[in-house]
Every structure is written in structure tokens, then in C-alpha cells.
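J.: Got a structure for you, questions after.
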Amino acid sequence: MRHLRAINQKAARVERTVAAPPPDAAPAGDVVALQQGSAPPQQPEGPHIPLGCSLVFQPGWEADRNGGTAGLCQPVERDLFDCHRGCFWPAHVPDQLNHTPDWTGKCAAAQKDWRNIDLIFP
Amino acid sequence: MSLLAQGEFHPFTAAGRRFLYLVPSAAVFALDEPAAALIDGLAGGRVPRRDLLAEVGPRFPDADLAQTLDELEQVHAVRTVAAPPRPTPAPAPAPAIIPLTPFPLTTAVLNVTNQCNLSCSYCYEYSEDKIVDTTNGAQPKFMSEETARKSVDLLFNESGGNRVVHVSFFGGETLMNYPVLSRVVPYAREQAEARGKQVEFNLTTNATLLTGEMIEFLAEHDISVTVSIDGPREMQNRFRVFHDGRGSYDELLPRVRELLRRHTSRPIGARVTLTSQVSDVVGIYRHLTEEIGFQEVGFAPVTTSPGRAYALDGSGFDRMVEQFTALADEFLEAALAGKHHGFSNVSETLEEIHKGASKAYPCGAGLGLVGVATGGDVALCHRFAGSDEHKLGTVDDGIDRNAQNAFLERHHLANKTDCHTCWARPLCSGGCYHEAHTRYGTSARPNLHYCEWIRGWTDVCLRVYGELAERNPRYLRRFD
Numbered sequence: 001m002r003h004l005r006a007i008n009q010k011a012a013r014v015e016r017t018v019a020a021p022p023p024d025a026a027p028a029g030d031v032v033a034l035q036q037g038s039a040p041p042q043q044p045e046g047p048h049i050p051l052g053c054s055l056v057f058q059p060g061w062e063a064d065r066n067g068g069t070a071g072l073c074q075p076v077e078r079d080l081f082d083c084h085r086g087c088f089w090p091a092h093v094p095d096q097l098n099h100t101p102d103w104t105g106k107c108a109a110a111q112k113d114w115r116n117i118d119l120i121f122p
Numbered sequence: 001m002s003l004l005a006q007g008e009f010h011p012f013t014a015a016g017r018r019f020l021y022l023v024p025s026a027a028v029f030a031l032d033e034p035a036a037a038l039i040d041g042l043a044g045g046r047v048p049r050r051d052l053l054a055e056v057g058p059r060f061p062d063a064d065l066a067q068t069l070d071e072l073e074q075v076h077a078v079r080t081v082a083a084p085p086r087p088t089p090a091p092a093p094a095p096a097i098i099p100l101t102p103f104p105l106t107t108a109v110l111n112v113t114n115q116c117n118l119s120c121s122y123c124y125e126y127s128e129d130k131i132v133d134t135t136n137g138a139q140p141k142f143m144s145e146e147t148a149r150k151s152v153d154l155l156f157n158e159s160g161g162n163r164v165v166h167v168s169f170f171g172g173e174t175l176m177n178y179p180v181l182s183r184v185v186p187y188a189r190e191q192a193e194a195r196g197k198q199v200e201f202n203l204t205t206n207a208t209l210l211t212g213e214m215i216e217f218l219a220e221h222d223i224s225v226t227v228s229i230d231g232p233r234e235m236q237n238r239f240r241v242f243h244d245g246r247g248s249y250d251e252l253l254p255r256v257r258e259l260l261r262r263h264t265s266r267p268i269g270a271r272v273t274l275t276s277q278v279s280d281v282v283g284i285y286r287h288l289t290e291e292i293g294f295q296e297v298g299f300a301p302v303t304t305s306p307g308r309a310y311a312l313d314g315s316g317f318d319r320m321v322e323q324f325t326a327l328a329d330e331f332l333e334a335a336l337a338g339k340h341h342g343f344s345n346v347s348e349t350l351e352e353i354h355k356g357a358s359k360a361y362p363c364g365a366g367l368g369l370v371g372v373a374t375g376g377d378v379a380l381c382h383r384f385a386g387s388d389e390h391k392l393g394t395v396d397d398g399i400d401r402n403a404q405n406a407f408l409e410r411h412h413l414a415n416k417t418d419c420h421t422c423w424a425r426p427l428c429s430g431g432c433y434h435e436a437h438t439r440y441g442t443s444a445r446p447n448l449h450y451c452e453w454i455r456g457w458t459d460v461c462l463r464v465y466g467e468l469a470e471r472n473p474r475y476l477r478r479f480d
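Quick note, the sequences are listed as chains C and Y, same order. Note that the first sequence covers residues 1 to 122 in our numbering. Note that the second sequence covers residues 1 to 480 in our numbering.
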């Protein structure tokens, strides 16, 4: 590297890895799902791009075969949390500016903590 | 369109140079000016790649900014938040999960007694915050020689491939069970020789019972000694008193002086407990090093539930950061001149920064370190020794791997949601289990009451580290 100088031992290791990435390294920018591996939970590297947005035809995502949400192939909370921030979300989500600023307070990493997002009962 | 944003890091400046402490890798990189300008260009949020290059470009006509940006992305200091679609890559292999077991032991802390000749008001073992009933509880008051030997056997049996193991003596007041301690040291040496390993010892004491014979023994066997002492007479005598309320300073001083005179093969450290009333860090340091002669002094805030008279509150922690900073500046001056400075809180943190420690657990408790209670119960560490709730086995039956697994799974940093956005988590990892247990009633909670203090202190140490890296990198080689 010419513009960054590795200072501590870990930085030197990062530099070596960048110079010669291991053969099994995941490609940068890979799309990852919400839950990966088993305990301890793994944080996916790189950007987290929500799956199943409106541009993707993915049956079973927004409504199940009966038109409800009980049998979705992906958890509804995942879609709610991802889309209202990163993407277009057509429906009402809790107002995080005024009424429920802490709605996602217990959800630091959506990939892992999405279960902590609850419904709001005004 | 490709949108860029800052990655997760803590920026700091030292010796006029910009640095990044990257999270979670714990790598420290120094930036050149174009790299720093690119990072600053992203300070306001997400910026399209070409806008960023167009904005920063004119200031550095000769620099290869695209290359700089690539490097920042490679170390995750800059990340892409939206990228143009591209062909689906092959599925990534499952992430490598480090197997947590079997985890070899490096250290066994033997609580050789739960009795003490002092009656320090803030003591976590006896005061209002105690976990184990040491007066009427099930654990015997003194560890038998048999249990001590079994503890040593357990340590060696569970030490796996570790070449060096550590036996640590703790109490109560450790020296109240000097007979057992003096017999188990040679036993551990024999065992080490028979197994082709090395064993090191350390002992924590209040020093009020030290005799010439004991000092001779400690020196002869190269036992590292840590003395619990709070500073000059009036500070020491405020909390560290005998059962009749008498201060312990005058009792301790001649003994410590003799220890320091005779025992020179290992650094003798002082360990200071800071409270709302004893918080003059610089003054205490001066007294302990210059007037008494300790080589190392470490400070820690008292562990207590909130509301106790001696507990440090928010402003107490703020004052502590100020004073730690003043002493850290002194450390830096000494280190720049290649000299020793005994403020061990700095040297310990520098070593972790230098190695790039990124911890899933705050300490070795329940991993490579266990505490053994007087009766032989094995617990997370010495602070939980004897507690049934935190038991990981016994010296007879060995370590209960199921209990250990359950503990490790529950206490992994990934379960501490509050820590996920904190840049200091690679070093802190939520903080002391015992502190959390005392504060919140559970060892699994992160210690949110001292987050600001941890971040402030880590920032100070990073700046000391950066200064040394720029101005006297040779000094840092001792941490290699």
C-alpha cells in the first residue's frame, strides 16, 4: 500500500491479506441473507443489500399463498426494517423522528437483531 | 451509481499525523494527506464515487486518488453502500467459526483462603455486594494442600499445547494460608518439569502479614507480587483498615520496603482501588513509585453497585479520565526518551493495541483462566470463586465443558447489542463480568455505566500509541 501505512501488527496482517487474498475469500459486495451460520452469529462483511425488493420477483415474500403474512418465506420484520430505511417502502412504518425514536434501538445489526423490532401499539 | 460511505473506525491524530483505528479488525493505519482528505470527504454521509474524486481531486493534482480510494476500501475504512448490478457471484463459503472448545487453560487463580485480616469497606468479597457467603457458606475458610495440588493438576491436565502455565494466588488475604502456598509452589515446579512445561507464579497480597521468611521464599521462587495499596497514609487508611478500624499503612510500609529491597527478580506492582474519596491518581502514583519504590502501578475503579458512598459517579469517572490523561502524558514523555514508566494501565493497553486485539470476550475468565474456590469448586475467575451460579466444575471432576460452552455462547460480544455501534468494542468487549454482575445482577450485561470512560481512555492510549509509532517506534518493539 502506498497511501496507508500499517502501524500495528493487525494492520500488517490486513495488508498481507489484501496483497494476497486467501482463495476462499468472499467477493466484495456479495449479497448476503439475514441469518448466516450458527452461534456465535457472524456479521456479514461488506454492504448489506436487502433481498426481495420490488424489482425482484420473489413469490412468498410480501404475501403468502393465502394473501396473509403467516406463511412468508422470509420474516416480515426483515423486510420492514430493511426497506423503510434503505429502499422504497410503500406502507406506514413507525415514525422514528417523533413518536417512536427508539423503535430500532435494540436492533443494532439487522442481520442478527431483527427479532427485537416489535410492533407499535399507539 | 456507486455510493461510498465511511467504514467503521475511530480517527485520531498524533504527532501531527492522521490515524484510523479500524473496527472490528483493530488495525491501526496512518493516512497520507490524500487518504485523509477522502475520509473527510465522506464525513457528511454517502457520496457518489465520482463526486468524491471530483471534489478532492483538484487539491492533490499529483496523487493517484483512485488508488488511494481502493486502498481505503480494501482495509474497510471506506465501504460501498450501493453498487451497480453485476453477475451473481458463486455462493460464498460458510464463514470460518473458530471452535471454542477445547480451550486450553493458561491460568488458574487459587483462592487459598476466603479470610482476611483487613476489613476494607469496599471489598467485593465481604462488603454489601458480596456474591458468596464466606462466613457461613459451604466453602471452607482455607484451601487444603490436597485441593491446591489438585488445582495444579487440573491446570496442567487442561493446558493442552500451552508451554507456559500460570498459577496465581489470591484470597481473602493470600498470606493467611502461607503454609499451603509454600508447599504447592515446589509441587507445581515438579509437575512442570515432569510434563516438560514451564510454570510461573504470582501472588496478590495486602502485605500486612509479610515476614522476612516469606519475602525470602517469594524472591527465591521468582514469584511476581502485586500489593493492594491505595496510596499515601491518609488514602490507604480511609478504606483499607483492620477489623478494629485501625489503618493499615504503618503496618504495611516497612514490610513493603523490605520486599522491594530483597525481591528484585520480578517487578513488584501496586494495585490501587479508586473510589469517590480516593481519586488523586497522579499523587498516588508519585507516592507509590518515588517514595515507596514500586516499579509498576495499576489503577482500577472500585467495583460496586450504584449508590454506595464510595462508588464513583459520572463526574468521578470524568475526573479519573483527566488524571489518567495527565499521567499518560508523563508516560509518553518517558517512553519517547526510551525510559521506563510504571503506569501499567497504559502499557497494558498499548500492548493490546499493538497486537491488534479484537476480543469476543472481555477477558480470559472461563476461557483460558479459571478461579478455584477454597473447597475446590472451579469458577469463572477468582471474583466468582465459590459461587454456585458461576461454577464451571470442580478440581476432582474437571471442567464441565457443557457449562463452559453455555457460558461462552451467552457472553459472546455478538449478544451485547448495545456494543455493536461502539468503536471501542474490540478492546472492551463489554467489560468485567463481575462488575456487570454487581451493577446489573447478571454477568451477561455490558457495563454501560462506564462506556464514556472506556472510550475516553482508549482514545488517550491510541494517541500515545500513535505518538510512539511516529516518534520512537523502537519503543513499541517490546510488545512484539
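Virtual Cβ for every residue (Gly too), placed ideally from N, Cα, C. Please read all numbers here as calculations on a predicted model, not as lab measurements.
Excluding five sequence neighbours on each side, which residues of the same chain lie with their C-beta closer than 6 Å to the C-beta of glycine 393 (chain Y)?
T.: On the second sequence, position 393 is the one that residue 393 (chain Y) refers to. Taken in chain order, the residues that qualify are Val378, Ile399 and Asp400.
J.: May I ask you to verify whether the segment 18–30 of chain Y touches the segment 5–22 of chain C, counting CB pairs closer than 8 Å and requiring at least 3?
T.: Output reads yes: the segment 5–22 of chain C touches the segment 18–30 of chain Y.
J.: Give me the residue from Y:Tyr124, Y:Gly171 and Y:Leu312 with the minimum Cα distance to lysine 141 (chain Y).
T.: The residue given as residue 141 (chain Y) occupies position 141 in the second sequence. When only C-alpha atoms are compared, the closest one is Y:Gly171.
J.: Should the segment 142–162 of chain Y be called in touch with the segment 363–378 of chain Y, which here means at least 3 C-beta pairs below 8 Å?
T.: Result yes; three or more Cβ-Cβ pairs closer than 8 Å.
J.: Near threonine 68 (chain Y), which residues of its chain fall below 7 Å by C-beta distance, leaving aside the five closest residues on each side in sequence?
T.: On the second sequence, residue 68 (chain Y) is found 68 positions in, with the first residue counted as 1. Closer than 7 Å at the Cβ level, and outside the excluded window around threonine 68 (chain Y), lie Pro34, Ala35 and Leu38.
J.: To the nearest angstrom, report how far apart glycine 441 (chain Y) and glutamate 173 (chain Y) are at their CA atoms.
T.: Looking up residue 441 (chain Y) in the second sequence gives position 441. Looking up residue 173 (chain Y) in the second sequence gives position 173. Cα to Cα, glycine 441 (chain Y) sits roughly 26 Å from glutamate 173 (chain Y).
J.: Report the three-state DSSP secondary structure of leucine 327 (chain Y) (helix, strand or coil).
T.: Translated into positions along the second sequence, residue 327 (chain Y) becomes position 327. DSSP places leucine 327 (chain Y) in helix when its eight states are reduced to three.
J.: With 9 Å as the threshold, decide whether the Cβ of alanine 109 (chain C) is near any Cβ in chain Y.
T.: By 1-based counting over the first sequence, the position of residue 109 (chain C) is 109. Taking Cβ atoms only, chain Y reaches closer than 9 Å to alanine 109 (chain C), which makes this a yes.
J.: Taking 9 Å as the CB-CB cut-off, is histidine 353 (chain Y) touching chain C?
T.: For the purposes of this step, residue 353 (chain Y) is taken as residue 353 along the second sequence, with counting starting at 1. Inspection of the sequence shows that residue 353 (chain Y) is occupied by isoleucine rather than by histidine. Taking Cβ atoms only, chain C reaches closer than 9 Å to isoleucine 353 (chain Y), which makes this a yes.
J.: In this structure, what does DSSP give as the bridge partners for phenylalanine 12 (chain Y)?
T.: Within the second sequence, residue 12 (chain Y) is the residue found at index 12, counting from 1. DSSP lists Y:Phe19 as partners of phenylalanine 12 (chain Y).
J.: My assumption, with CB atoms under 8 Å, is that glutamine 191 (chain Y) sits in contact with phenylalanine 156 (chain Y). Please give the rounded CB distance.
T.: Here residue 191 (chain Y) corresponds to residue number 191 of the second sequence, with the count starting at 1. Here residue 156 (chain Y) corresponds to residue number 156 of the second sequence, with the count starting at 1. Their Cβ separation, rounded to whole angstroms, is 6 Å, which keeps glutamine 191 (chain Y) and phenylalanine 156 (chain Y) in contact under 8 Å.
J.: Which of the three DSSP states, helix, strand or coil, is assigned to asparagine 111 (chain Y)?
T.: Translated into the one-based positions of the second sequence, residue 111 (chain Y) becomes position 111. Of the three classes helix, strand and coil, the one that applies to asparagine 111 (chain Y) here is strand, per DSSP.
J.: Does aspartate 40 (chain Y) have its Cβ less than 9 Å from a Cβ in chain C?
T.: Stepping through the second sequence from its first residue, residue 40 (chain Y) is reached at position 40. No - not a single Cβ of chain C is within 9 Å of the one on aspartate 40 (chain Y).
J.: If cysteine 461 (chain Y) sits next to isoleucine 284 (chain Y), beta carbons under 8 Å apart, how far is it from one beta carbon to the other, in whole angstroms?
T.: As a position in the second sequence, residue 461 (chain Y) is number 461, starting the count at 1. As a position in the second sequence, residue 284 (chain Y) is number 284, starting the count at 1. Wrong, their Cβ atoms sit about 19 Å apart, outside the cutoff.
J.: Where does alanine 194 (chain Y) land, buried or exposed, given buried means 16+ other C-beta within 10 angstroms?
T.: Counted from its first residue, the second sequence places residue 194 (chain Y) at position 194. Exposed, because fewer than 16 other Cβ atoms sit within 10 Å of the Cβ of alanine 194 (chain Y).
J.: Where tyrosine 475 (chain Y) and arginine 149 (chain Y) are concerned, what is the direct C-alpha to C-alpha distance, given to the nearest angstrom?
T.: The residue you call residue 475 (chain Y) lines up with position 475 of the second sequence. The residue you call residue 149 (chain Y) lines up with position 149 of the second sequence. Computed Cα separation, rounded: 40 Å.
J.: If the cut is a Cβ gap below 9 Å, which residues of chain Y does leucine 4 (chain C) touch?
T.: As a working mapping, residue 4 (chain C) is identified with position 4 in the first sequence. Here the neighbours are Leu20, Phe29, Ala30, Leu31, Asp32, Ala35, Thr68, Glu71, Leu72, Gln74, Val75 and Ala77.
J.: Using beta carbons (cut-off 9 Å, strictly below), is tyrosine 465 (chain Y) in contact with chain C?
T.: The residue you call residue 465 (chain Y) lines up with position 465 of the second sequence. Closer than 9 Å to some Cβ of chain C, the Cβ of tyrosine 465 (chain Y) qualifies, so yes.
J.: Check whether the Cβ of glutamine 43 (chain C) lies closer than 9 Å to any Cβ atom in chain Y.
T.: Start at 1 with the first residue of the first sequence, and residue 43 (chain C) comes out as number 43. For glutamine 43 (chain C), the predicted model reports a pLDDT of 49, less than 50, meaning its position is unreliable and no value from the coordinates is stated.
J.: What residues from chain C crowd round glycine 316 (chain Y), counting only those whose CB sits closer than 7 Å?
T.: As a first step, residue 316 (chain Y) is located in the second sequence; it is residue number 316 there, counting from the start. Residues of chain C passing the Cβ test: none, with the nearest at roughly 27 Å.
J.: Do valine 78 (chain Y) and leucine 65 (chain Y) have their CB atoms nearer than 9 Å?
T.: In the second sequence, counting from the first residue as 1, residue 78 (chain Y) sits at position 78. In the second sequence, counting from the first residue as 1, residue 65 (chain Y) sits at position 65. No; because the gap between Cβ atoms is not below 9 Å, this pair is not in contact.
J.: Looking at the unbroken alpha helix (DSSP H) that takes in serine 347 (chain Y), where does it start and where does it end?
T.: Mapped onto the second sequence, residue 347 (chain Y) falls at position 347. Unbroken alpha helix (DSSP H) run through serine 347 (chain Y): 344–355.
J.: Any contact between the segment 106–120 of chain C and the segment 1–9 of chain Y? By contact I mean 3 or more CB pairs, one from each, below 8 Å.
T.: Not touching, per the Cβ criterion.
J.: Of all the CB atoms in chain C, is at least one closer than 9 Å to the CB of arginine 471 (chain Y)?
T.: One-based indexing of the second sequence puts residue 471 (chain Y) at position 471. Chain C contact via Cβ: absent.
J.: Please classify glycine 481 (chain Y): does DSSP put it in a helix, a strand, or coil?
T.: This structure leaves residue 481 (chain Y) out entirely; chain Y is present only between 1 and 480.
J.: Which chain Y residues sit within Cβ distance under 9 Å of asparagine 98 (chain C)?
T.: Along the first sequence, read from residue 1 onward, the residue named residue 98 (chain C) stands at position 98. Within 9 Å Cβ-Cβ: nothing; asparagine 98 (chain C) doesn't reach chain Y, min ~22 Å.
J.: So, are the CB atoms of leucine 175 (chain Y) and leucine 209 (chain Y) less than 9 Å apart?
T.: Residue mapping note: residue 175 (chain Y) aligns to position 175 of the second sequence, counting from 1. Residue mapping note: residue 209 (chain Y) aligns to position 209 of the second sequence, counting from 1. Result yes, Cβ atoms of leucine 175 (chain Y) and leucine 209 (chain Y) sit closer than 9 Å.
J.: Could you say which of Y:Ala188, Y:Arg18, Y:Asn402 and Y:Val75 lies nearest to valine 18 (chain C) if we only look at CA atoms?
T.: Numbered from 1 along the first sequence, position 18 holds the residue referred to as residue 18 (chain C). That would be Y:Val75, whose Cα lies nearest to the Cα of valine 18 (chain C).
J.: Would you mind reading off the limits of the beta strand (DSSP E) that contains valine 241 (chain Y)?
T.: Here residue 241 (chain Y) is taken as the residue at index 241 of the second sequence, counted from 1. First-last for valine 241 (chain Y): undefined, no H or E at that position.
J.: From serine 25 (chain Y) to histidine 420 (chain Y), what does the alpha carbon distance come to, in whole angstroms?
T.: Here the question's residue 25 (chain Y) lines up with position 25 in the second sequence. Here the question's residue 420 (chain Y) lines up with position 420 in the second sequence. Going from the Cα of serine 25 (chain Y) to the Cα of histidine 420 (chain Y) covers about 14 Å.
J.: Does any residue of chain C bring its CB to less than 9 Å from the CB of threonine 421 (chain Y)?
T.: Counting from 1 along the second sequence, the entry for residue 421 (chain Y) is found at position 421. Chain C, which has a Cβ nearer than 9 Å to the Cβ of threonine 421 (chain Y), makes this yes.
J.: Would the beta-carbon of histidine 412 (chain Y) fall within 9 Å of that of alanine 360 (chain Y)?
T.: Indexing the second sequence from 1 puts residue 412 (chain Y) at position 412. Indexing the second sequence from 1 puts residue 360 (chain Y) at position 360. A contact, by the Cβ cut-off of 9 Å.
J.: Identify, in the order they occur along the chain, each residue of the same chain with its Cβ nearer than 8 Å to the Cβ of proline 95 (chain Y), setting aside the five sequence neighbours on each side.
T.: Mapped onto the second sequence, residue 95 (chain Y) falls at position 95. Because proline 95 (chain Y) carries a pLDDT of 48, less than 50, the predicted location of this residue cannot be relied on, and the following value inherits that uncertainty. Cβ within range, chain order: n/a, list empty.
J.: Between which two residues does the beta strand (DSSP E) carrying alanine 379 (chain Y) extend?
T.: Here residue 379 (chain Y) refers to the residue found at position 379 when the second sequence is read from its first residue. Where alanine 379 (chain Y) is concerned, the enclosing beta strand (DSSP E) stretches over 377–379.
J.: With DSSP run on the structure shown, which of helix, strand or coil describes lysine 112 (chain C)?
T.: Residue mapping note: residue 112 (chain C) aligns to position 112 of the first sequence, counting from 1. In this structure, lysine 112 (chain C) counts as helix in the three-state DSSP scheme.
J.: Please check if any C-beta of chain C sits within less than 9 Å of the C-beta of glycine 45 (chain Y).
T.: What you label residue 45 (chain Y) is simply residue 45 of the second sequence in a count that begins at 1. False, the Cβ-Cβ gap to chain C never drops below 9 Å.
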